[in-house]
Each structure stands twice: as structure tokens, then as C-alpha cells.
Amino acid sequence: MERHGTSSVDCNDFSRSTGQTSGSDKTEAQQTALIVDDEPVSRAGMAARLKRLGYRVLQAGDGKAGLELLRRERPDLTILDWMMPELDGPSVCELVRRDPEVFSSQIILMTGHDQPEQIAEGLARGADDFLSKAASPQEITARVQAGMRAAGLIRRLKHATDEIRLKQEAIERELQSAARYVVSLLPPPGQLLPGLEMASAYRPSSALGGDLFNVLRWHEHSLGMYLLDASGHGVSPALRSASFSTFLREDNLLHRVGSSDPGAILTEANRQFPLTENGSYFTIVFVRLDIRTHTLFYATAGHNGLMLHRRSGEICYLAQPSLPLGFDGGNVYHTVETQLSPGDRLYLMSDGLYEVPSPTGELWGQARLETSMREAAAKPLADALAHAIGAAEQWLGHQKFPDDVAVMGIELAG
Amino acid sequence: MRDTQIFNLTEALARADQDVELFQTMAELFLEHGPKDMAEIKTALDASDAAAAGRSAHRLKGAVLQFCAPAVLVAAMRMEEAGKAGDVAAAADLCGKLEAELSCLLDALRQVMEKGLAA
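Here you go:
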């Protein structure tokens with residue numbers, strides 16, 4: 001047995017079974033109580049009572065040893081004497097509450113005094129409950145069991161929180177994996193055909209984006225390109241976009257549509273992808289470029305992001321007013337034709353770029369996008385795109401776009 | 001079993017959940033540590049350290065509570081209060097009374113232990 005100034009740790013005292021009803025929940029692991037008291041007679045009595053209640057019991061003879069044991073063993077409940085040499089009970093309470101590893105421990109402060117002001121001080125300094133040394137065995141048992149119930153609840157809550165965090169991490173890993181797959185669907189930048197450069201930017205608002213773009217190679221002199229935008233953000237739009245991109249594969253279009261005409265393709269897509277039950281839909285711009293004649297054929301469905309930046313400096317938006325896909329199954333989308341010239345740049349983009357809001361809510365807008373593109377007209381295509389994205393970020397005030405941003409640009413060699 | 005005048009054995013056993021073996025263990029501990037607490041009180045008073053005497057009296061009081069011995073308990077409480085108040089003179093006056101009452105309790109516990117609780 002130890003006196004004040006020393007410490008004792010003993011979890012085997014009074015370990016005989018008495019056959020009395022346990023205060024702990026037997027369906028769970030045995031709960032642990034720590035008794036910190038420099039007075040050995042009371043400590044022995046309390047230890048025996050808690051053993052009898054079915055708890056694993058640890059003991060310490062002073063505050064410092066008690067704190068060490070509490071941090072190492074993480075007991076469910078600590079019964080802490082108020083007055084001890086060097087480190088008293090309330091000081092131990094304060095240190096425990098400042099320690100993120102053990103701050104949620106249940107602590108009962110115990111003393112020979114039980115004046116209201118002392119109880120208030122003990123609770124204010126971090127105790128969960130208060131117990132007089134003169135308390136009856138029934139009261140001690142009731143308070144210990146209440147403390148153990150609270151400790152069990154806290155432990156279950158922590159366990160549930162840990163499980164949720166692990167599941168969240170697993171979901172994040174799955175999302176990252178899916179995001180890598182979506183990115184793998186995008187065409188690499190560079191020379192699509194001799195005399196035709198392509199650059200792109202893809203910035204999903206969350207791990208997975210609903211925007212997707214690609215290049216179709218029909219002939220050595222004919223290219224298809226599309227940029228689609230599924231309504232919403234996250235997993236569901238990304239899956240719908242991936243499904244739509246399968247429909248838009250060259251071989252499938254030739255089989256289903258029998259044509260590389262943008263209007264015919266969108267008309268068939270409109271039939272294949274009706275509005276979903278929860279109102280999800282696509283907007284899309286689809287173009288075909290004849291590289292020999294520099295003729296551009298295009299059709300849009302509810303999508304305004306088709307911008308032609310001519311070498312002369314003129315900028316025009318080519319999209320005509322039209323319904324998004326799925327709103328009217330009988331709708332016919334028409335192909336529009338225009339002529340490109342060497343040095344012209346064509347951008348297919350989602351509205352997430354020019355509808356980016358400032359901190360006050362004002363949208364960046366197509367006019368500012370045009371300004372940005374003109375500023376970078378002399379730069380290579382990829383740098384011009386990066387300049388526009390940077391300007392949008394500056395307008396936004398940070399780099400986390402609230403909507404998916406996708407841009408694909410092509411430039412005819414001048 | 002019978003109650004002595006110095007302490008209430010029936011109540012003390014009730015506090016020990018009628019566990020005779022536990023009571024004997026606690027009595028043995030008290031027989032060892034009670035005199036040490038008393039010696040610390042006297043040493044502190046010799047050094048005019050009322051606060052230290054009060055702390056030792058507080059610890060002694062906690063142990064005495066387990067045996068339901070009112071006379072020693074009251075004497076220990078008064079010593080603790082005098083110590084907290086820093087009143088060395090009052091504490092010194094109480095010292096003899098506390099030592100005498102403690103001695104009676106220790107004797108009574110020794111007698112109970114020698115006779116055996118099961119008798």
C-alpha cells in the first residue's frame with residue numbers, strides 16, 4: 001500500500017466473485033473504472049464495491065499517477081478524490097478536459113465536503129458528477145452506474161462516428177477512382193489532325209462532374225466534337241454523362257443514326273434520353289468539322305456555350321435557342337452551317353465557366369469571357385484557355401468552382 | 001457481532017456491503033495508516049504548519065468515515081477546519097483529543113479483529 005507522495009496501480013484487489021448483479025452491460029466489453037485517492041482505506045472500499053458491480057478496477061494513489069493511468073488505459077469512469085497532494089482532483093479534471101485524447105472521459109469528483117459552492121467549482125473545472133465520501137453505498141452505486149451509462153453512450157457515439165468516417169473515406173476513394181475514369185474518357189490535347197490543334201480544361205465542382213466532352217474521328221478529313229452538360233453535380237450526373245458518351249461513340253452513331261449530321265444525332269439523342277423522373281436532363285453542343293473545306297456543321301440542345309473567336313478579333317456565340325434534350329420527345333434539332341477560316345478558334349464550353357459568381361453574387365458573364373479571350377488572342381490556344389480559367393477564378397475569389405467547368409477549344413492553323 | 005461504543009460495526013459492515021473480508025482488509029489498512037496520519041499531524045503542528053496538519057486530518061477523516069466512528073470523525077473534522085483556518089493554537093489544542101479518540105478506535109478495531117467478526 002502506498003502513502004501520499006507515492007502511487008499505486010492495482011487492478012487485482014478484491015477480485016473474488018460475489019455473485020451479485022453486475023452494474024455493467026454484459027452484452028458489451030467489461031467497463032473499466034479508475035479510482036484515484038491518496039487515502040488507502042476509502043480507495044480499498046470503493047475498489048471492492050466497483051469490482052462487485054462487475055467493473056475492471058484500476059487504482060492510483062495520487063493525481064499524477066492517476067492522470068498517467070487515465071491517459072494510458074482510457075477508463076470508462078474515473079472516481080477522483082478532490083484533495084490530494086501535488087495534483088488535486090479539480091486540477092486533474094482540467095488537464096483531462098484539455099487533452100483531446102481523453103477529454104470525453106467521465107469523471108466523478110469525490111470529497112468529504114459537499115457544500116454547493118464546492119460542487120459548482122468541481123463541475124466548472126471539468127467533473128461530470130460529484131460524490132460525497134459520506135455517501136451511502138446505494139448512492140455511490142447509483143452514481144457510478146449513471147456515469148458508466150454515460151461513458152457507454154459516449155463510447156458508442158465515438159464508435160459510430162469512427163465508422164461513419166471510415167465509410168466516408170471509402171466513398172471518397174470510390175469517387176476518386178470514378179473521377180479518374182471520367183477523366184480517362186476525355187480526349188488528350190494536341191494535334192487532332194494536321195493543321196488542327198485542340199486544348200481543353202476540365203474542372204469538376206466536386207470529385208465527379210456531369211460535364212463531358214470528346215472528339216469523334218469519322219474520316220481523315222472529318223471530325224465530330226461534342227460537349228455535354230448533365231444537370232446537377234456528383235455521382236448521378238457523372239454516370240448519366242458516361243452513359244450518354246457511350247451512345248455518342250462513332251460506331252454507335254453510325255448504327256443508330258446512320259449519319260454524322262449534328263442535328264440528326266441530337267434528334268435521336270433526344271428520343272433516347274428523355275427527362276428522368278426527378279427532372280434530370282442534358283444540354284449539349286455537337287459539331288462536325290470538314291477539315292478540307294473548313295466548314296463547320298453544328299447543332300445545340302439547350303446549350304449556349306459555342307463561341308467562335310475569329311482571327312480578325314470578332315467573337316460570336318453560335319448557339320441558337322433550343323430545348324435541352326428530353327423535354328419534348330418529338331423535337332427536331334436542326335444543323336446550322338458556317339465557314340471557318342485559318343487562325344479561327346472555336347470553343348465548346350459549359351455554362352459553369354461564364355456563370356461563375358463573384359463573392360457578391362454577380363456573374364462573370366459572356367462579355368468578360370470575351371474580354372479574357374481577346375486579351376489572350378496572341379497566346380497559344382492552351383494558354384488562352386488557362387488565361388480564361390484564371391480570370392474566372394479571380395472573379396470567383398478562389399479556385400473551387402461552384403459548377404462543373406469544361407471547355408474544349410480548337411484552332412485552325414493560320 | 002456487536003457494536004462497540006467507539007464505532008458502529010453494523011453500519012461499518014453495511015458500508016462494506018456486508019463483506020467481512022473487505023472490512024478486515026480496510027481495518028488492517030487503517031491500523032497501518034491511521035497512526036501515520038496522526039504522526040504527520042503532530043509533526044506539522046510542531047513545525048507550526050497548520051495547513052499540512054489540516055491536509056493530514058482530512059485524509060484521516062476520509063478513512064474514519066468508513067468505520068462510522070463519530071467521536072474520531074468529529075475530532076478529525078475540527079482539526080481539519082483549524083488547519084484550513086491556519087489556527088495553529090486551536091489545532092494544537094485539538095491534537096490531544098484527536099489522538100486519544102483515534103487510539104480508542106484503533107484499540108476497538110484490534111479487539112474486533114482479534115475476536116473475529118464471524119464470532
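Chains A and B supply the protein sequences, listed in that same order.
Oh and the first sequence: position 126 is 126 in the working numbering, straight run, nothing missing.
Oh and the second sequence: position 7 is 7 in the working numbering, straight run, nothing missing.
In this text, a Cβ means the ideal position worked out from N, Cα and C, and glycines have one as well.
DSSP beta-bridge partners for R288 (chain A)?
-> Within the first sequence, the letter at position 288 stands for residue 288 (chain A). According to DSSP, R288 (chain A) bridges with A:G224, A:F297.
Between the region 40-53 of chain B and chain A, which residues of the former have a C-beta closer than 7 Å to a C-beta of the latter?
-> none
Over the uninterrupted beta strand (DSSP E) stretch that includes Y317 (chain A), give me the two end residues.
-> Locating residue 317 (chain A) in the first sequence gives position 317, counting from the first residue. Its beta strand (DSSP E) spans residues 315-317.
If you drop the 5 nearest sequence neighbours on each side, which residues of the same chain put their C-beta closer than 7 Å to that of L102 (chain B)?
-> On the second sequence, position 102 is the one that residue 102 (chain B) refers to. Same-chain partners within the cutoff: G34, M38, V72.
Please report the Cβ distance between G61 (chain A) and D38 (chain A), rounded to the nearest whole angstrom; I am assuming they are in contact, meaning their Cβ atoms lie under 8 Å.
-> Start at 1 with the first residue of the first sequence, and residue 61 (chain A) comes out as number 61. Start at 1 with the first residue of the first sequence, and residue 38 (chain A) comes out as number 38. Between D38 (chain A) and G61 (chain A) the Cβ distance is about 6 Å, and since that is below 8 Å, they are a contact.
Any residues in the region 58-85 of chain B with a beta carbon nearer than 7 Å to a beta carbon of chain A? Which ones, in chain order?
-> H58, R59, K61, G62, A63, L65, Q66
Find the residues of chain B that neighbour M148 (chain A), judging by a C-beta separation of less than 8 Å, and give them in chain order.
-> Reading the first sequence from its first residue, position 148 is the one you call residue 148 (chain A). Near M148 (chain A) there are no residues of chain B at all, since even the closest Cβ is about 18 Å away, more than 8 Å.
According to the Cβ coordinates, are M198 (chain A) and M408 (chain A) closer than 8 Å?
-> As a first step, residue 198 (chain A) is located in the first sequence; it is residue number 198 there, counting from the start. As a first step, residue 408 (chain A) is located in the first sequence; it is residue number 408 there, counting from the start. Yes.
Using 10 angstroms around the beta-carbon of S358 (chain A), count the other beta-carbons present and answer buried if the total reaches 16, otherwise exposed.
-> Along the first sequence, one-based indexing puts residue 358 (chain A) at 358. Exposed, since its Cβ has fewer than 16 Cβ neighbours within 10 Å.
In three-state DSSP terms, what is A207 (chain A)?
-> Taking the first sequence and counting its residues from 1, the one referred to as residue 207 (chain A) is at position 207. If DSSP states are grouped into helix, strand and coil, A207 (chain A) belongs with coil.
Label C416 (chain A) either buried or exposed according to how many other C-beta atoms from any shown protein chain fall within 10 Å of its C-beta, with 16 as the threshold for buried.
-> Residue 416 (chain A) cannot be examined here, being either before or after the span of chain A that is shown, 1 to 414.
Quick one: which chain A residues come within Cβ less than 9 Å of F7 (chain B)?
-> On the second sequence, position 7 is the one that residue 7 (chain B) refers to. Here the premise fails: no neighbours, minimum Cβ distance about 13 Å.
Report the residue from A:G224, A:W364, A:L153, A:F327 whose alpha carbon sits nearest the alpha carbon of E393 (chain A).
-> One-based indexing of the first sequence puts residue 393 (chain A) at position 393. E393 (chain A) has its Cα closest to that of A:W364, out of A:G224, A:W364, A:L153, A:F327.
How close, in whole Å, do the beta carbons of A301 (chain A) and N252 (chain A) come, if the pair is a contact with beta carbons under 8 Å?
-> Along the first sequence, one-based indexing puts residue 301 (chain A) at 301. Along the first sequence, one-based indexing puts residue 252 (chain A) at 252. Going by Cβ atoms, the distance from A301 (chain A) to N252 (chain A) rounds to 18 Å, so no, they are not a contact pair.
Taking the alpha-carbon positions, what's the V287 (chain A) to Y347 (chain A) distance?
-> Here residue 287 (chain A) corresponds to residue number 287 of the first sequence, with the count starting at 1. Here residue 347 (chain A) corresponds to residue number 347 of the first sequence, with the count starting at 1. Whole-angstrom Cα-Cα distance: 11 Å.
Would you list, in sequence order, the uninterrupted beta strand (DSSP E) runs of no fewer than 3 residues that lie entirely inside the region 137-201 of chain A?
-> 190-193
Residues in its own chain within less than 6 Å of L212 (chain A) by CB, not counting five upstream and five downstream?
-> The residue labelled residue 212 (chain A) in the question sits at position 212 within the first sequence. Only L228, S241, S245 meet the Cβ criterion.
Given F327 (chain A) as reference, the closest of A:A386, A:T267, A:Q30 once Cα atoms are compared | Translated into the one-based positions of the first sequence, residue 327 (chain A) becomes position 327. Checked all of A:A386, A:T267, A:Q30; the closest Cα to F327 (chain A) is A:T267.
Compare the C-beta of A44 (chain A) against all C-beta atoms of chain E and say whether one is closer than 8 Å.
-> In summary, chain E is missing from the structure at hand, where the protein chains are A and B.
Buried or exposed: where does P321 (chain A) fall if 16 or more other Cβ atoms within 10 Å of its Cβ makes it buried?
-> Along the first sequence, read from residue 1 onward, the residue named residue 321 (chain A) stands at position 321. Exposed, by the Cβ-count rule.
Quick one: using the 10 Å Cβ neighbour count with 16 as the cut-off for buried, is V183 (chain A) buried or exposed?
-> Start at 1 with the first residue of the first sequence, and residue 183 (chain A) comes out as number 183. Flag for V183 (chain A) reads exposed.
Just the C-alpha distance for R72 (chain A) and V102 (chain A), rounded to the nearest angstrom, thanks.
-> In the first sequence, counting from the first residue as 1, residue 72 (chain A) sits at position 72. In the first sequence, counting from the first residue as 1, residue 102 (chain A) sits at position 102. Cα to Cα, the separation comes out at about 9 Å.
Can you name the residues that DSSP bridges to E337 (chain A)?
-> Start at 1 with the first residue of the first sequence, and residue 337 (chain A) comes out as number 337. BP columns for E337 (chain A) point to A:F297.
Going along the chain, which residues of the region 30-54 of chain A sit with their C-beta nearer than 7 Å to a C-beta in chain B?
-> D38, E39, P40, V41, S42, A44, G45, A48, R49, R52
Quick one: what does DSSP say W218 (chain A) is sitting in, helix, strand or coil?
-> Here residue 218 (chain A) refers to the residue found at position 218 of the first sequence. W218 (chain A) falls in the strand class under three-state DSSP.
Under a CB-based cut-off of 8 Å, is A100 (chain B) close to chain A?
-> In the second sequence, counting from the first residue as 1, residue 100 (chain B) sits at position 100. With 8 Å as the cut-off, A100 (chain B) does not count as an interface residue toward chain A.
Starting from A466 (chain A), find everything on chain B with Cβ-Cβ shorter than 7 Å and list it in chain order.
-> Because chain A is modelled from 1 through 414, residue 466 (chain A) falls outside the range shown and cannot be assessed.
Using a Cβ-Cβ cut-off of less than 7 Å, give me the residues of the region 100-121 of chain A that come near chain B, in sequence order.
-> G112
Sequence-distant residues of its chain with Cβ nearer than 7 Å to A91 (chain B) (five each side left out) = What you label residue 91 (chain B) is simply residue 91 of the second sequence in a count that begins at 1. Contacts found: L45, A50, A53, M79, A82, G83.
Between E11 (chain B) and the rest of its own chain, which residues show a CB-CB distance below 6 Å, the 5 nearest in sequence each way excluded?
-> Position 11 of the second sequence holds residue 11 (chain B). The answer, listed in chain order, is C68.
Please work out which residues of its chain come closer than 7 Å, Cβ to Cβ, to G234 (chain A), disregarding the five sequence neighbours upstream and downstream, and give them in chain order.
-> Within the first sequence, residue 234 (chain A) is the residue found at index 234, counting from 1. Hits under 7 Å: S206, L208.
Out of A:A124, A:S42, A:R180, point me to the one whose CA is closest to S136 (chain A)'s CA.
-> Position 136 of the first sequence holds residue 136 (chain A). Closest by alpha carbon: A:S42.
Since T32 (chain A) is in the beta strand (DSSP E), which residue starts that stretch and which ends it?
-> Working through the first sequence from its first residue, we reach residue 32 (chain A) at position 32. Its beta strand (DSSP E) spans residues 32-36.
For D192 (chain A), the nearest candidate out of A:S222, A:C93, A:L175 (CA to CA) = As a working mapping, residue 192 (chain A) is identified with position 192 in the first sequence. The residue asked about is misnamed: residue 192 (chain A) is Leu in this sequence, not Asp. It is A:S222 whose Cα lies nearest to the Cα of L192 (chain A).
Closer than 8 Å by beta-carbon distance: list the chain B residues that pair up with M137 (chain A), in chain order.
-> For the purposes of this step, residue 137 (chain A) is taken as the residue at position 137 of the first sequence. Reading off the sequence, residue 137 (chain A) comes out as Pro, not Met. Going along chain B in sequence order, the residues near P137 (chain A) (Cβ under 8 Å) are A14, R15, D17.
Helix or strand or just coil, what does DSSP make of I107 (chain A)?
-> Working through the first sequence from its first residue, we reach residue 107 (chain A) at position 107. Correct three-state label for I107 (chain A): strand.
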